[in-house]
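Numbering (our numbering), first residue to last: 10 to 311.
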Ligand code: FDA
């Protein structure tokens with residue numbers, strides 16, 4: 010009850026918060042406004058042993074020209090990653106490359122990106138947005154998979170449909186990120202109890218690794234990381250079948266270094282771009298709980 014009140018209060022005050030406050034919120038998690046700043050962070054992460062994935066902030070492009078501009082920016086990124094010899098792939102949001110405008114527009118842009126990814130020996134992750142886009146995003150992935158192998162979807166553990174999605178997608182071609190899911194969804198669509206979501210999360214990762222797929226285990230939840238790490242060891246799952254993933258800036262109490270020492274791949278998701286303000290405000294409104302993370306983490310080191 011108390012937390013519901015706090016959440017509603019935060020949603021109400023977000024539009025009135027000073028830019029400096031939002032910048033403080035964004036500063037920890039956003040790698041800067043330009044590709045140059047973001048590539049510098051990726052280089053630093055690589056030097057510490059981490060892989061990275063770059064995301065240009067933004068979503069819901071409103072017209073084809075904007076969607077094409079975003080596609081071009083991502084295409085350029087593949088070039089920079091190659092020329093700087095970075096260990097880094099790319100994550101895109103379907104609505105950023107045109108899914109809100111027309112499925113065909115987004116698919117064409119995705120294919121353009123995948124062609125460049127193939128030419129530069131790289132990979133593309135299709136982030137998963139909220140439930141109105143789930144079917145279309147999976148469809149885009151499956152169509153892309155006909156011509157390209159260097160592409161993978163995201164499945165959200167909180168969705169009721171996700172076990173069925175994993176069941177139908179699993180196999181050697183599947184390289185999937187599993188996350189809990191960040192958007193507010195209704196109970197008819199998604200689980201809303203943390204322990205149910207965690208149980209489903211673990212089941213999904215086990216299903217992928219018991220099958221033929223590759224799992225991107227994207228979570229900061231140490232209980233989940235520890236449980237899966239234990240299961241991976243017990244079941245002698247080879248480290249080339251999975252990786253751990255976190256959002257850049259989230260403190261992990263030394264656990265990432267331990268994972269690296271075990272020889273596991275750990276990837277940090279690095280967002281950047283001019284739209285940091287809009288992105289941060291939207292994230293805060295969608296899920297005010299994030300603000301409590303920020304307050305908790307403001308006093309912890311990276
Ligand atoms: P949980 O929310 O239980 O958090 C566990 C602990 O981690 C918290 O107690 C808190 O201390 C800390 N924490 C979590 N998030 C934090 C944050 N942002 N800042 C500071 N501390 C934080 N979602 C989606 O719907 N579509 C997608 O495509 C993606 N992609 C994605 C990629 C990667 C690499 C990650 C790590 C996450 C995503 N997500 C996502 C977001 C994901 O769905 C989820 O909402 C958040 O990761 C938070 O869930 P956790 O699994 O970390 O658990």
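All C-beta atoms, glycine included, are put in the ideal place defined by N, C-alpha and C.
This one's a predicted model, so the numbers in the text were calculated from it and none came from an experiment.
Burial state of residue i (16 or more Cβ within 10 Å)
i           : result
residue 310 : Because the pLDDT of residue 310 is 45, which lies under 50, any placement of that residue in the model is unreliable, and the number read from its coordinates should be weighed accordingly. When all chains shown are included, residue 310 counts as exposed.
residue 232 : exposed
residue 158 : exposed
residue 312 : The requested residue 312 does not occur in the structure, where the chain is confined to residues 10 to 311.
residue 138 : buried
residue 74  : exposed
residue 164 : buried
residue 176 : exposed
residue 25  : exposed
residue 155 : exposed
residue 27  : exposed
residue 78  : exposed
residue 109 : buried
Same chain, Cβ closer than 6 Å to residue i, five either side skipped, listed in chain order
i           : result
residue 131 : 87 and 98
residue 66  : 280, 282, 284, 285 and 288
residue 184 : 161 and 223
residue 100 : 62, 64, 134 and 136
residue 229 : 255 and 259
Residues near residue i by beta carbon distance below 7 Å, same chain, minus five either side
i           : result
residue 198 : 140, 168 and 169
residue 29  : none
residue 206 : 166, 167, 189 and 200
residue 264 : 231 and 234
residue 80  : 106, 118, 121 and 122
residue 2   : Given a span of 10 to 311 for the chain in the structure shown, any question on residue 2 remains unanswerable.
residue 114 : 73, 76 and 107
Cβ shell of residue i (< 8 Å), same chain only, five flanking positions each side left out
i           : result
residue 112 : 145, 148 and 149
residue 82  : 44 and 65
Short Cβ contact (8 Å threshold) for residue i with residue j
i           : j           : result
residue 122 : residue 84  : yes
residue 190 : residue 153 : no
residue 187 : residue 218 : no
residue 129 : residue 91  : yes
residue 107 : residue 134 : no
residue 277 : residue 255 : yes
residue 118 : residue 76  : yes
residue 105 : residue 71  : no
residue 136 : residue 182 : no
residue 237 : residue 275 : no
residue 209 : residue 171 : yes
residue 216 : residue 244 : no
residue 93  : residue 127 : no
residue 269 : residue 36  : no
residue 95  : residue 56  : no
Cβ of residue i within 8 Å of any chain C Cβ
i           : result
residue 103 : No chain C appears in the structure shown, which is made up of a single protein chain.
Residue i: CB within 7 Å of a non-hydrogen atom of the ligand FDA
i           : result
residue 174 : no
residue 214 : no
residue 191 : yes
residue 97  : no
residue 274 : no
residue 227 : yes
residue 65  : no
residue 137 : yes
residue 186 : yes
- How do the region 242-252 and the region 32-51 stand: do at least 3 beta-carbon pairs fall below 8 Å, yes or no? Of all C-beta pairs linking the region 242-252 to the region 32-51, fewer than three are shorter than 8 Å, placing the two stretches out of contact.
- Stretch pair the region 254-272 + the region 213-223: three plus CB contacts closer than 8 Å: Fewer than three Cβ pairs drawn from the region 254-272 and the region 213-223 lie within less than 8 Å of each other, which leaves the two stretches out of contact.
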